[in-house]
Amino acid sequence: AQSVTQPDIHITVSEGASLELRCNYSYGATPYLFWYVQSPGQGLQLLLKYFSGDTLVQGIKGFEAEFKRSQSSFNLRKPSVHWSDAAEYFCAVGTGTASKLTFGTGTRLQVTL
Amino acid sequence: DAGITQSPRYKITETGRQVTLMCHQTWSHSYMFWYRQDLGHGLRLIYYSAAADITDKGEVPDGYVVSRSKTENFPLTLESATRSQTSVYFCASSESGHYYEQYFGPGTRLTVT
Numbered sequence: 004a005q006s007v008t009q010p011d012i013h014i015t016v017s018e019g020a021s022l023e024l025r026c027n028y029s030y031g032a033t034p035y036l037f038w039y040v041q042s043p044g045q046g047l048q049l050l051l052k053y054f055s056g057d058t059l060v061q062g063i064k065g066f067e068a069e070f071k072r073s074q075s076s077f078n079l080r081k082p083s084v085h086w087s088d089a090a091e092y093f094c095a096v097g098t099g100t101a102s103k104l105t106f107g108t109g110t111r112l113q114v115t116l
Numbered sequence: 053d054a055g056i057t058q059s060p061r062y063k064i065t066e067t068g069r070q071v072t073l074m075c076h077q078t079w080s081h082s083y084m085f086w087y088r089q090d091l092g093h094g095l096r097l098i099y100y101s102a103a104a105d106i107t108d109k110g111e112v113p114d115g116y117v118v119s120r121s122k123t124e125n126f127p128l129t130l131e132s133a134t135r136s137q138t139s140v141y142f143c144a145s146s147e148s149g150h151y152y153e154q155y156f157g158p159g160t161r162l163t164v165t
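Top to bottom, those sequences are chains P and Z.
Here my numbering is used: position 56 in the first sequence is 59, and no number is missing along the way.
Here my numbering is used: position 87 in the second sequence is 139, and no number is missing along the way.
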């Protein structure tokens with residue numbers, strides 16, 4: 004069965020600093036990979052997605068992610084974090100049939116000024 | 053307004069009572085999903101639907117019932133609520149074949165006392 008691991012439960016970075024959130028997946032075939040963001044009290048919003056092709060994908064709000072098949076990873080990055088990026092971030096893998104997603108447990112990002 | 057809405061946004065109910073959470077989307081998306089979000093577990097799929105009158109179980113279906121008589125609506129019913137069903141519930145939808153990109157509603161916070 005597929006699974007997603009986000010090893011960091013909580014990360015704190017200073018505004019302007021770079022950010023990398025880790026995501027590892029387990030899936031036998033080529034995965035479809037997603038990063039979603041959830042602001043406090045809100046639903047989830049898609050940041051970016053990877054299906055095939057270029058392993059470096061660009062998303063909204065200045066985020067990017069790199070798919071590394073050899074490491075089963077899909078880490079999310081941002082060169083310079085803004086205070087408004089404070090939120091919870093979820094990695095997800097789409098598998099097989101029925102458009103189902105399997106989510107990681109999330110990483111909460113705190114941004115200090 | 054176009055989009056996906058959930059009602060109620062907040063609900064307190066007592067153990068043993070039946071409660072229905074509503075989800076409505078205006079995009080005519082084929083797929084709809086119900087998730088629950090709990091600390092330490094991320095989002096877990098309860099039920100999903102590929103089209104009207106087609107539903108299937110997700111990861112944690114016990115204690116829940118769904119129906120989908122119309123494409124735009126996907127209600128979730130807790131037949132006899134238990135304290136373990138205290139959670140935040142999210143509804144989502146996606147187009148058929150749209151590579152799993154799901155659009156989320158704002159969530160319903162349910163407390164079972």
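The C-beta atom is built at its ideal place from N, Cα and C for all residues, glycine as well.
For Ser148 (chain Z), the three-state secondary structure derived from DSSP is coil. When the alpha-carbon of Ser73 (chain P) is set against those of P:Arg80, P:Thr15 and P:Gly31, the nearest one is in P:Gly31.
Residue burial is scored here from C-beta neighbours: Pro43 (chain P) has fewer than 16 other C-beta atoms within 10 angstroms and is therefore classed as exposed.
For Cys75 (chain Z), the uninterrupted beta strand (DSSP E) segment begins and ends at Val71 to Gln77. By the CB criterion at 7 Å, Leu97 (chain Z) and Glu111 (chain Z) fall inside the cutoff. Chain P has a Cβ within less than 7 Å of the Cβ of Phe142 (chain Z). With contacts defined by Cβ atoms closer than 7 Å, Ala90 (chain P) and Leu104 (chain P) do not form a contacting pair. Proximity of Pro60 (chain Z) to chain P, defined by a Cβ-Cβ separation below 7 Å, is not satisfied.
Ranking P:Thr110, P:Thr58, P:Thr98 and P:Pro82 by CA distance to the CA of Thr8 (chain P) puts P:Thr110 first.
Here DSSP, grouped into helix, strand and coil, assigns Ser76 (chain P) to strand. Interface with chain Z (7 Å Cβ-Cβ cutoff): Thr108 (chain P) is included. Using a CB distance cut-off of 7 Å, Tyr83 (chain Z) counts as an interface residue toward chain P. The three-state secondary structure of Arg61 (chain Z), taken from DSSP, is coil. Proximity to Asp57 (chain P) across P:Ser17, P:Glu67 and P:Leu112 peaks at P:Glu67, based on C-alpha coordinates. Just measuring C-alpha positions, the residue of Z:Thr78, Z:His81, Z:Ser80 and Z:Tyr99 sitting nearest Tyr87 (chain Z) is Z:Tyr99. At a Cβ-Cβ threshold of 7 Å, Gln77 (chain Z) and Glu147 (chain Z) do not count as neighbours. Residues of the same chain with a CB within less than 6 Å of the CB of Leu22 (chain P), apart from the 5 flanking positions on each side, are Val16, Lys81 and Val84 in chain order. For the region 42-69 of chain P, the beta-carbon criterion of a distance under 9 Å to any beta-carbon of chain Z is satisfied by Gly44, Gln45, Gly46, Leu47, Gln48, Leu49, Lys52 and Phe54. Annotation for Asp11 (chain P): no beta strand (DSSP E) segment contains it, and DSSP assigns it neither H nor E. DSSP places Val40 (chain P) inside the beta strand (DSSP E), whose first and last residues are Tyr35 to Gln41.
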